[in-house]
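Asks:
Next comes the structure, spelled out in structure tokens:
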């Protein structure tokens, strides 16, 4: 864990190093991924069966075995304990409500020149959601990816999830069913992204691919971009906690560790205006760490990427948070909304002393798929907007064209586009 | 030009071929672009000067010469004829008004569980706009890219434009000034995208890069994606015109040619329910073609990619248009809004017999930067949304956490994320 102090002489250099901490050795998997995509495009299902056998430690008897059946989904759902099912349902309902509130309205204008013009939102026809397999197979992510698509009005929502050793996570199936997913495929890695983008004999192509994944999945999304839409490419997760001395250090410590337990590349940063509180939190982290089953991961993350930054005042804290543009930002002060008003860049904010980020990971309602690695400067969390597109329209009659047409003719001629100019001029003759 | 008829036996195969017509031999420029980006990252301004000398047929005396001065912008603007300036101003005002109407509202909810939650829109700090140089240097594109950014509230809008032989287009400068652009750089190609994404000694990095460009520019945007946001990667332009026999064939022919004159890869498709009208339009295209200065380009486009599709009725026309998901769609029927209601996928629609697409290219108000090559299935035209991002937020007190926290604890435990669970549970003890 690094300690920084804005009053210290070496602060600028230390903070620059923190900003530059990429936290990922992006393995060069371009060529491997390109080969997998080419294989799936060329051989379809046969490639999926072979690649699944090679990477996922089980052998589908044929392409049909890649499809998760209704019966399997029902059985998986039935296997989930009732209290967990209730928790899943509360989460789903709240995510639905928050995303429904996001739905934008169409625009229709009739202007002084007599033109009618507007903008119409429409849902994508079909989307593919990637769900990581194994230990990182999170049912909450199924809800967070699938519900916005369904709320947006997407007709077909297909999930691809690798099933290492052939095993399916029942809670993932339950979440998929609750979220209204249309179909589930036991396919993972770059081959899943290729199948969703290009289609195979079994899997119909989709229009957009979303969801987190490893380096292969991320690179595959990058390579199919253009053929289909993709969401942002997620890096390791991070949190910035701005907290004053009135907080319980144990709470803040656990918030930092919650982030750190995701993986070794995760990053937890505390910004505080109180040196004693900084020490107390650091001590609380050290005390709590051994109690965690995921202590090796969380410890490694905290040691390698954790930081405690001492600031002179909270205005400075907001400025640093903006430079860090974190995925998650907790503001634990007396008036968190006042500080939040100074924040320009953050994926999601959690306000108050009783609002740990974990609430947002599961049940608050806003999405937990968020821009990482300083991309909150330009990117946003997943939302209904990821599953909608816009068509603009203009309607003109001869009188309206007479008002604006001559300007179009002048500009088209200036650009040397004669047919453009003539298409307007002809109609006004 | 291809002729298709939905009543003909070979229609399915012919239409499939039309859909698959990629219209671009995407040159493999990955390695060349990667080298240019690496060079700009390593050597900054020095690389820009050298690459400009190599590619743009002029030699900047130093990096300072890459910056277009206030005096140059003023001189360029003064060189524009008053009527053209008026046309530019009408276009800019209308584009501003339409994009201002798009500005979304923040969300703030206070729910039954006692949580406050919301979504706040914010503008990007800085964006870079690429403007192609030479013959494809379109002032209208400057307006279409820069105005939405300014309307969204972006503080810094930087333009990069190559100036082959050192020449600047005065109308581009005038458009940039009218649109409120902050700075203009005489830099083009992949090196411009690299400079905008990574910054050099002279050019500060931006958060998002937008604007059309050649294969090098497109590949460079693909490679910097993640470091900065990018807009969709534009392919060759296309139009689908749905028209009945009540139209003037000469109007429709000129609309098809307006699209075709962009470049040889452009595509113009007429869909009509009247065989005689189809013939009349085809004849009118042949007649009008020789009158155009850009006849070689338009003729090549029409011969290679043009198509006339005869349909049984207009419902069929709408269905085919959806499959084509065109960038531009003209609907020239008695009740164009009724047919438009059946359209699911199109970048922009132009409704009525007096609404040629060229109106939308310049003065209507909606953006002319639109999704090409069937990407309207999932992508949208440029808008204020490209220059905004969202931060979601949640605020909870102890009572509210008590309502939703236990579900978060249950789900976190099920996912094996103990510290997540504990960060909530601790606060409820």
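Protein chains in written order, with our numbering: chain A, 1 to 429; chain B, 1001 to 1429. Idealized CB from N, CA, C, for every residue including glycine.
Rounded C-beta distance between residue 44 (chain A) and residue 200 (chain A)? I'm assuming under 8 Å.
Replies: Residue 44 (chain A) sits at position 44 when you count from the first residue of the first chain. Residue 200 (chain A) sits at position 200 when you count from the first residue of the first chain. About 4 Å; that satisfies the 8 Å criterion.
Asks: Return helix, strand or coil for residue 165 (chain A), following the three-state DSSP convention.
Replies: As a first step, residue 165 (chain A) must be located in the first chain, where it is residue number 165. Residue 165 (chain A): helix per DSSP, three-state reduction.
Asks: Using the Cα positions of residue 1068 (chain B) and residue 1378 (chain B), report the straight-line distance between them to the nearest angstrom.
Replies: The count along the second chain starts at 1 and reaches residue 1068 (chain B) at position 68. The count along the second chain starts at 1 and reaches residue 1378 (chain B) at position 378. The straight-line gap from Cα to Cα measures roughly 37 Å.
Asks: So which residues on chain B does residue 110 (chain A) lean against when the C-beta distance must stay under 8 Å?
Replies: One-based indexing of the first chain puts residue 110 (chain A) at position 110. Within 8 Å Cβ-Cβ: nothing; residue 110 (chain A) doesn't reach chain B, min ~12 Å.
Asks: Sort out for me which residues DSSP pairs residue 310 (chain A) with in a bridge.
Replies: Counting from 1 along the first chain, the entry for residue 310 (chain A) is found at position 310. Paired residues: A:5 and A:272.
Asks: Check this for me: beta carbons of residue 1326 (chain B) and residue 1239 (chain B), under 9 Å apart or not?
Replies: The residue you call residue 1326 (chain B) lines up with position 326 of the second chain. The residue you call residue 1239 (chain B) lines up with position 239 of the second chain. It is a contact, given that the beta carbons lie within the stated cut-off.
Asks: If you run the structure through DSSP and keep just helix, strand and coil, what is residue 344 (chain A)?
Replies: Start at 1 with the first residue of the first chain, and residue 344 (chain A) comes out as number 344. Correct three-state label for residue 344 (chain A): coil.
Asks: Beta-carbon of residue 352 (chain A) versus every beta-carbon of chain D: anything under 9 Å?
Replies: Considering every chain present, this structure includes no chain D. Its protein chains are A and B.
Asks: At a CB-CB cut-off below 8 Å, which residues of chain A make contact with residue 1294 (chain B)?
Replies: Taking the second chain and counting its residues from 1, the one referred to as residue 1294 (chain B) is at position 294. Per Cβ cutoff of 8 Å: 416, 417, 418 and 419.
Asks: Might you give, ordered along the chain, the residues of its own chain that have their beta carbon closer than 7 Å to the beta carbon of residue 1133 (chain B), omitting 5 neighbours on each side?
Replies: As a first step, residue 1133 (chain B) must be located in the second chain, where it is residue number 133. Taken in chain order, the residues that qualify are 1161, 1162, 1163, 1164 and 1188.
Asks: Mind checking whether residue 1049 (chain B) and residue 1130 (chain B) have CB atoms under 9 Å apart?
Replies: Stepping through the second chain from its first residue, residue 1049 (chain B) is reached at position 49. Stepping through the second chain from its first residue, residue 1130 (chain B) is reached at position 130. Going by C-beta atoms, residue 1049 (chain B) is not nearer than 9 Å to residue 1130 (chain B).
Asks: Select from the stretch 1008-1022 of chain B all residues with a C-beta closer than 9 Å to any C-beta belonging to chain A, and list them in chain order.
Replies: Against chain A - using a Cβ distance shorter than 9 Å - the stretch 1008-1022 of chain B contributes no residues.
Asks: Please say whether residue 56 (chain A) and residue 211 (chain A) have beta carbons closer to each other than 9 Å?
Replies: Here residue 211 (chain A) refers to the residue found at position 211 when the first chain is read from its first residue. Here residue 56 (chain A) refers to the residue found at position 56 when the first chain is read from its first residue. Not a contact, by the Cβ cut-off of 9 Å.
Asks: Is the distance from the Cβ of residue 1115 (chain B) to the Cβ of residue 1404 (chain B) below 9 Å?
Replies: Within the second chain, the letter at position 115 stands for residue 1115 (chain B). Within the second chain, the letter at position 404 stands for residue 1404 (chain B). Yes.
Asks: Given that residue 436 (chain A) touches chain B, what residues does it touch there, using C-beta distances under 9 Å?
Replies: Since the first residue shown for chain A is 1 and the last is 429, residue 436 (chain A) is missing from the structure and cannot be characterised.
Asks: When the Cα atoms are used, what is the spatial distance from residue 95 (chain A) to residue 364 (chain A)?
Replies: As a first step, residue 95 (chain A) must be located in the first chain, where it is residue number 95. As a first step, residue 364 (chain A) must be located in the first chain, where it is residue number 364. In a straight line, the C-alpha of residue 95 (chain A) is about 7 Å away from that of residue 364 (chain A).
Asks: Of the residues that make up the stretch 232-256 of chain A, which ones have a beta carbon closer than 7 Å to any beta carbon in chain B?
Replies: Residues 233, 250, 251, 254 and 255.
Asks: How would you list, in chain order, the residues of chain A whose beta-carbon sits under 9 Å from the beta-carbon of residue 1367 (chain B)?
Replies: Here residue 1367 (chain B) refers to the residue found at position 367 when the second chain is read from its first residue. Correct list: 392.
Asks: Evaluate contact between the stretch 1247-1259 of chain B and the stretch 1230-1239 of chain B, counting only Cβ atoms and requiring at least three cross-stretch pairs below 8 Å.
Replies: Flag = yes, the stretch 1247-1259 of chain B and the stretch 1230-1239 of chain B touch.
Asks: Please list, in chain order, the chain B residues whose beta carbon lies closer than 9 Å to that of residue 290 (chain A).
Replies: Working through the first chain from its first residue, we reach residue 290 (chain A) at position 290. Within chain B, no residue comes near residue 290 (chain A); the closest Cβ sits about 12 Å away, beyond 9 Å.
Asks: Can you tell me where the alpha helix (DSSP H) with residue 105 (chain A) in it begins and where it stops?
Replies: On the first chain, position 105 is the one that residue 105 (chain A) refers to. Here residue 105 (chain A) belongs to no alpha helix (DSSP H), and DSSP marks it neither H nor E.
Asks: What's the gap between the Cα of residue 362 (chain A) and the Cα of residue 1233 (chain B)?
Replies: Along the first chain, read from residue 1 onward, the residue named residue 362 (chain A) stands at position 362. Along the second chain, read from residue 1 onward, the residue named residue 1233 (chain B) stands at position 233. Rounded to the nearest angstrom, the two C-alpha atoms are 35 Å apart.
Asks: Would you kindly report the start and end of the unbroken alpha helix (DSSP H) that includes residue 185 (chain A)?
Replies: Against the first chain, residue 185 (chain A) aligns to sequence position 185. Run containing residue 185 (chain A): none in the alpha helix (DSSP H); it sits in the beta strand (DSSP E), 183-185.
Asks: Considering only C-alpha positions, which residue in the set A:120, A:418 and A:58 is nearest to residue 1289 (chain B)?
Replies: In the second chain, counting from the first residue as 1, residue 1289 (chain B) sits at position 289. Selected option, being the one with the closest Cα: A:418.
Asks: Examine the Cβ distances between the stretch 307-326 of chain A and the stretch 1069-1079 of chain B and report whether three or more of them are shorter than 8 Å.
Replies: In short, these stretches do not touch, since the Cβ pair count stays below three.
Asks: In chain B, which residues lie with their C-beta within 7 Å of the C-beta of residue 380 (chain A)?
Replies: As a position in the first chain, residue 380 (chain A) is number 380, starting the count at 1. The answer, in chain order, is 1389 and 1390.
Asks: Please give the ranges of any beta strand (DSSP E) in the stretch 198-237 of chain A, keeping only runs that are unbroken, at least 3 residues long and fully inside the region.
Replies: Runs of the beta strand (DSSP E) inside the stretch 198-237 of chain A: 208-210.
Asks: Along chain B, which residues have their Cβ under 8 Å away from the Cβ of residue 267 (chain A)?
Replies: As a first step, residue 267 (chain A) must be located in the first chain, where it is residue number 267. None at all; the shortest Cβ gap to chain B is about 15 Å.
Asks: Identify the contact partners of residue 1220 (chain B) in chain A, using a Cβ-Cβ distance below 9 Å as the criterion.
Replies: Residue 1220 (chain B) sits at position 220 when you count from the first residue of the second chain. Within chain A, no residue comes near residue 1220 (chain B); the closest Cβ sits about 14 Å away, beyond 9 Å.
Asks: List, in chain order, every chain A residue whose beta-carbon is nearer than 8 Å to that of residue 1122 (chain B).
Replies: What you label residue 1122 (chain B) is simply residue 122 of the second chain in a count that begins at 1. Per Cβ cutoff of 8 Å: 344 and 345.
Asks: What are the boundary residues of the alpha helix (DSSP H) that includes residue 1362 (chain B)?
Replies: Counting from 1 along the second chain, the entry for residue 1362 (chain B) is found at position 362. First-last of the alpha helix (DSSP H) with residue 1362 (chain B): 1357-1362.
Asks: If we cut at 9 Å on Cβ distances, does residue 1107 (chain B) have a partner in chain A?
Replies: Position 107 of the second chain holds residue 1107 (chain B). Interface residue, yes.
Asks: Per DSSP, residue 126 (chain A) forms a beta bridge with which residues?
Replies: Locating residue 126 (chain A) in the first chain gives position 126, counting from the first residue. Looking at the DSSP assignment, residue 126 (chain A) forms a beta bridge with A:156.
Asks: Look at the alpha carbon of residue 19 (chain A) and the alpha carbon of residue 5 (chain A), and state the distance between them as a whole number of angstroms.
Replies: Translated into positions along the first chain, residue 19 (chain A) becomes position 19. Translated into positions along the first chain, residue 5 (chain A) becomes position 5. The straight-line gap from Cα to Cα measures roughly 15 Å.
Asks: Would you check if the distance between the CB atom of residue 178 (chain A) and the CB atom of residue 51 (chain A) is smaller than 9 Å?
Replies: The sequence position of residue 178 (chain A) within the first chain is 178, counting from 1. The sequence position of residue 51 (chain A) within the first chain is 51, counting from 1. Their beta carbons are not under 9 Å apart, which means residue 178 (chain A) does not touch residue 51 (chain A) by this criterion.
Asks: What in chain A is Cβ-close to residue 1340 (chain B), meaning under 8 Å?
Replies: Against the second chain, residue 1340 (chain B) aligns to sequence position 340. Within 8 Å Cβ-Cβ: 393.
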